[in-house]
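2 protein chains.
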Amino acid sequence: MSVTVRVKSSGEPRLRATSYDVARLAGVSQSTVSRAFLANAPISAQLREKVMGAARQLSFRPNAAARSLTTSRSHVVAFFVPNIGNPLYPFVLETFSRHLRALDHQILLLPLVESADEALAWLIQYQVESLVITAASPLGLSKEIAHKCLKARIPVVLFNRYFPDVRAASVNCDNARGGAVAAETLWAAGHNRFAFIGGAEATSTHADRRDGFVDRLRELGAPAPLIETTAFSYAGGYAAGLKLLGRRSRPDAVFCANDLIALGVLDAARHGHGLKVPNNLSIIGFDDAPMAAWAGYELTTVRLPVEAMVACAVKMLLSGAEERHRRAEVVLIPGDLVLRGSSRVLASVMKPT
Amino acid sequence: MSVTVRVKSSGEPRLRATSYDVARLAGVSQSTVSRAFLANAPISAQLREKVMGAARQLSFRPNAAARSLTTSRSHVVAFFVPNIGNPLYPFVLETFSRHLRALDHQILLLPLVESADEALAWLIQYQVESLVITAASPLGLSKEIAHKCLKARIPVVLFNRYFPDVRAASVNCDNARGGAVAAETLWAAGHNRFAFIGGAEATSTHADRRDGFVDRLRELGAPAPLIETTAFSYAGGYAAGLKLLGRRSRPDAVFCANDLIALGVLDAARHGHGLKVPNNLSIIGFDDAPMAAWAGYELTTVRLPVEAMVACAVKMLLSGAEERHRRAEVVLIPGDLVLRGSSRVLASVMKPT
DNA sequence: CTGAAAGCGCTTACAG
DNA sequence: CTGAAAGCGCTTACAG
Chain A
1 MSVTVRVKSS
11 GEPRLRATSY
21 DVARLAGVSQ
31 STVSRAFLAN
41 APISAQLREK
51 VMGAARQLSF
61 RPNAAARSLT
71 TSRSHVVAFF
81 VPNIGNPLYP
91 FVLETFSRHL
101 RALDHQILLL
111 PLVESADEAL
121 AWLIQYQVES
131 LVITAASPLG
141 LSKEIAHKCL
151 KARIPVVLFN
161 RYFPDVRAAS
171 VNCDNARGGA
181 VAAETLWAAG
191 HNRFAFIGGA
201 EATSTHADRR
211 DGFVDRLREL
221 GAPAPLIETT
231 AFSYAGGYAA
241 GLKLLGRRSR
251 PDAVFCANDL
261 IALGVLDAAR
271 HGHGLKVPNN
281 LSIIGFDDAP
291 MAAWAGYELT
301 TVRLPVEAMV
311 ACAVKMLLSG
321 AEERHRRAEV
331 VLIPGDLVLR
341 GSSRVLASVM
351 KPT
Chain B
1001 MSVTVRVKSS
1011 GEPRLRATSY
1021 DVARLAGVSQ
1031 STVSRAFLAN
1041 APISAQLREK
1051 VMGAARQLSF
1061 RPNAAARSLT
1071 TSRSHVVAFF
1081 VPNIGNPLYP
1091 FVLETFSRHL
1101 RALDHQILLL
1111 PLVESADEAL
1121 AWLIQYQVES
1131 LVITAASPLG
1141 LSKEIAHKCL
1151 KARIPVVLFN
1161 RYFPDVRAAS
1171 VNCDNARGGA
1181 VAAETLWAAG
1191 HNRFAFIGGA
1201 EATSTHADRR
1211 DGFVDRLREL
1221 GAPAPLIETT
1231 AFSYAGGYAA
1241 GLKLLGRRSR
1251 PDAVFCANDL
1261 IALGVLDAAR
1271 HGHGLKVPNN
1281 LSIIGFDDAP
1291 MAAWAGYELT
1301 TVRLPVEAMV
1311 ACAVKMLLSG
1321 AEERHRRAEV
1331 VLIPGDLVLR
1341 GSSRVLASVM
1351 KPT
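Listed below in structure tokens is the structure:
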């Protein structure tokens, strides 16, 4: 005997309707109700309509847990977003949400875990189909999680991150190219005392942006830049900027591993050392966080192509489920330079011959 | 016959283990396996240990979908976060994540929906136990969603938002008190041409912050402030600031409905009108977003007590599940003023007699 | 196209 | 405390 839907006088169902309730109301079998909610099921338009009418009356929707149990598919993608401090990531998450909605997949947030094993247990418990990791967490946890997931046959997509020794799919901005463009831009503007201020050493974003910058400067015949490392944060950038710009021969062109750092450096230059930007110092960041466009900063930066990166990640996510034995792919998507006021444009403009 | 766990040569399970697999390996009944994973189930320490050992070998965790089906409890809380542009909300979400993890509840992100009915259908499909709404969306969608959820007996907690005509539980910063403190602070500093720049008129944050400010100024015998309305964003604040500060008799003290607006006004003052802050103009915001503390802004603001608000919201969430007939509660939690450089402190300091 | 029935992986009375 | 069995609400061969 199945549960009866009791209806209060006010008309709200007290218990949630099941497909049996809908079947009874529509005068069809339960299987037919089930088919009415399946896109390509064999069912006549007539019956489907009858079912849908009854379903509407009862506010019925197929129970996702039951569906997951029978199909062994949860349609759940978990997200591990340790870099919540980066103002770009809310937009990244929102973009993923939009893309995944179109494919009827849901976003479950991975809670803060203490170990990769705990994360894996959680992923298994919630029948997560795949995992998106948006950053390297300080303790190398995300790398370990990625590794264990792959071993457990849970597809992983790394967003703007990769690990040379973990064969997970990965979508990245072409960070090295972005660094190279920054180098070209600063060199063309007539600068000659360069610096790079990076974030956590172990991250691919740090390393690739730095290498792209350093290598291109060398190719151009420019002097080698100073290299400074700090936290991927405003406070980190401020501290590093304060220190770097206090040197005897201070740099006149700084490329930072992300916007948060660049904004900190910019404020350290202005408020800590009384420098003019870009007159005394050009600064270029990376990401194009919303604040980069603010009138108080006008930060020249390399824009992270979020939309294209997410579209690519989602494609990998879903294909990964089927061809999970495919080689791990690392995709690079070019990011455009956004020229704003924090960097000088032309050497000839600033230093007329 | 139940599914056998096949093990590859490399040792990774190909199919996920079930409680039957664990039972077989541990030499106990399947019910015992189930009990081993339940906190207060009747089971001897000895058997539990044996089960746990087998479970570890097979990387077994109880399937949440199956559990949800038998218990009719999903332990899933859905989040509707339309105000993703506010840099405070990533932290709000992170704080919720931390609090809910302790209670073993999961966070599922509500996708962008087109109607309240669509949202409700989604909530039913995913067996969501309760919904947290963190803001009013432009089209009044969140209000409608809150209303329909309550009718469908899905507990709703509004975060920093309430609707006079929807009896949902709600946790708020004491916005009116915050506005009053801003008024007191600016009046004590010797200002006398006040303005309030708000966001969407229909939101309680806008209305309460404005009313607290306006009312307290009246009580103090101060002149009534100009009232300006714009979008809850940096661009909105910048535009409003540009306009307001171009007036013949421009205000010398502005209180903004949130930090994003305040930061926009501040930049409009400095870069659009060449004004000095706080010499020519004091500005106070609301929220204490990370940027408010940046050296480029030093924004005086009322700090949203996120930790306390989230703790309270989580308590409501879980009690709401049981005492859903309780009166809708609107909790106010005081937020402290954070004095920084964007507001003058004392009249006597600035205008010595 | 339609319906009756088995089964997904759990929890929980029920009996011992 | 322990086990055998029913049942949660679906999907999907299977038979017609």
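As you go down the protein sequences, you meet chains A and B in turn.
Under the numbering used here, the first residue of the first sequence is numbered 1, with each subsequent residue one higher.
Under the numbering used here, the first residue of the second sequence is numbered 1001, with each subsequent residue one higher.
Ideal Cβ positions, reconstructed from N, Cα and C, are used throughout, including at glycine.
- Distance between F163(A) and A328(A), taken at the CA atoms: about 11 Å.
- In the assembly as shown, S1029(B) is an exposed residue. Its beta-carbon has fewer than 16 other beta-carbons within 10 Å.
- Secondary structure note for N172(A): its beta strand (DSSP E) is the uninterrupted segment 169-173.
- Contact between V254(A) and L217(A) does not hold, since their C-beta atoms are separated by about 13 Å, which reaches or exceeds 8 Å.
- Under the Cβ distance rule, M316(A) does not count among the residues neighbouring chain B, no pair being separated by less than 8 Å.
- Of V1092(B), S1072(B), T1071(B), the smallest CA-CA separation from F1080(B) is found for V1092(B).
- Setting aside the 5 residues that flank it on each side, S1170(B) is surrounded in the same chain by L1158, Y1162, V1330, each with a C-beta closer than 6 Å to its C-beta; the list follows chain order.
- T1203(B) carries a coil assignment under DSSP once its states are collapsed to helix, strand and coil.
- Of all residues in the segment 56-70 of chain A, only S59, F60, R61, P62, N63, A64, A65, A66, R67, S68, L69 come within less than 9 Å of chain B when Cβ atoms are compared, listed by chain position.
- A direct Cα-to-Cα measurement between R1073(B) and R1067(B) gives close to 8 Å.
- Contact residues of the segment 231-263 of chain A toward chain B are Y234, Y238, L263 (C-beta to C-beta distance below 8 Å).
- Take V113(A), set aside five residues on each side of it, and the residues of its chain with a beta-carbon closer than 6 Å to its own are A119, in chain order.
- By the Cβ-count criterion, R303(A) is buried, with 16 or more other Cβ atoms from all chains shown falling within 10 Å of its own Cβ.
- Not one beta carbon of chain B lies nearer than 8 Å to the beta carbon of P305(A).
- Residues of chain A whose Cβ lies closer than 7 Å to the Cβ of I1124(B) are, in chain order, R16, S59, R61.
- The count of Cβ pairs closer than 8 Å, one atom from the segment 43-52 of chain A and one from the segment 1098-1114 of chain B, stays below three, leaving the stretches out of contact.
- When DSSP reads this structure, Q1106(B) sits in a beta bridge with V1076(B).
- Between L123(A) and A180(A), the CB-CB gap reaches or exceeds 8 Å.
- The residues I1284, L1339, R1340, S1342, S1343, in chain order, have a CB closer than 6 Å to that of T1300(B) in the same chain once the five nearest residues on each side in sequence are set aside.
- Secondary structure in the segment 1176-1248 of chain B: the alpha helix (DSSP H) runs of 4 residues or longer, each lying completely within the stretch, are 1204-1219, 1234-1244 in chain order.
- Straight through space, the alpha carbons of V1277(B) and F1232(B) are spaced by roughly 21 Å.
- The criterion of a C-beta distance shorter than 8 Å is not satisfied by T1185(B) and L1069(B).
- In the displayed model, D1117(B) falls within a helix according to three-state DSSP.
- DSSP, read as helix, strand or coil, puts T1301(B) in strand.
- Pairing L1346(B) with G1190(B), the inter-Cα distance amounts to about 7 Å.
- For the pair E298(A) and M309(A), the Cα-to-Cα distance works out to about 25 Å.
- Of the candidates G1241(B), E1094(B), I1261(B), D1174(B), I1261(B) places its Cα closest to the Cα of A1200(B).
- Listed along chain B, the residues sitting closer than 8 Å to H271(A) by beta-carbon distance are A1295, G1296.
- Residue pairing for F159(A): DSSP places it in a beta bridge opposite V171(A).
- Just so you know, the alpha carbons of L100(A) and K315(A) end up roughly 10 Å apart.
- When K151(A), A36(A), G27(A), R98(A) are compared, the shortest CA-CA separation from L1015(B) is found for K151(A).
- Under the three-state reduction of DSSP, V132(A) is assigned to strand.
- At a cut-off of 8 Å between beta-carbon atoms, L1088(B) makes no contact with chain A.
- Beta-bridge pairing by DSSP links G1341(B) to no other residue.
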